[in-house]
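In the numbering used here, the protein residues as written are 6 to 159.
Yeah, the Cβ is synthetic: ideal placement off N, Cα and C, and Gly gets one too.
Nothing here was measured: the structure is a model prediction, and the numbers come from that model.
All remarks here apply to the structure that follows.
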């Protein structure tokens, strides 16, 4: 019973605006400056680790994400962590350039076959055009018919 009383008192105290909010202004947080030269070095360390991991994967499987997804995840996690350590936001242009460099190195030969779009057969195309036209005409006819018969329906 004593625990319930404590919870109720805490809940009542939370309902009071004077207890919950401070009216004092908070000082602005000082943001540290991004150390880009150190970030470049740290990101290259992440890249070297990724390159080492990719040597264990057959180059024929480099275009199949299922073969290296965990290595790529660790690489991006590394770049994100290193960016935060040196007070840089992530992703930033420096990290993006390095990731693009990695992509060009490992995945430049991975092409996506573009699907070839074909027109449907003429019979199908005619039906797809005529159905909306006839539905539109039917709706217009229904509206006109109902408006002329409004005296009967009212």
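Asked	Found
Backbone secondary structure at residue 123 - three-state DSSP	coil
Reference residue 87; option with closest CA among 100, 117 and 153	100
Under the three-state DSSP convention, the category residue 151 falls into	helix
CB contact flag (residue 48, residue 81, <7 Å)	no
Three-pair Cβ contact test at 8 Å for the stretch 107-114 versus the stretch 61-68	yes
Coil, strand or helix - residue 42 by DSSP	helix
Three-state secondary structure assigned by DSSP to residue 58	helix
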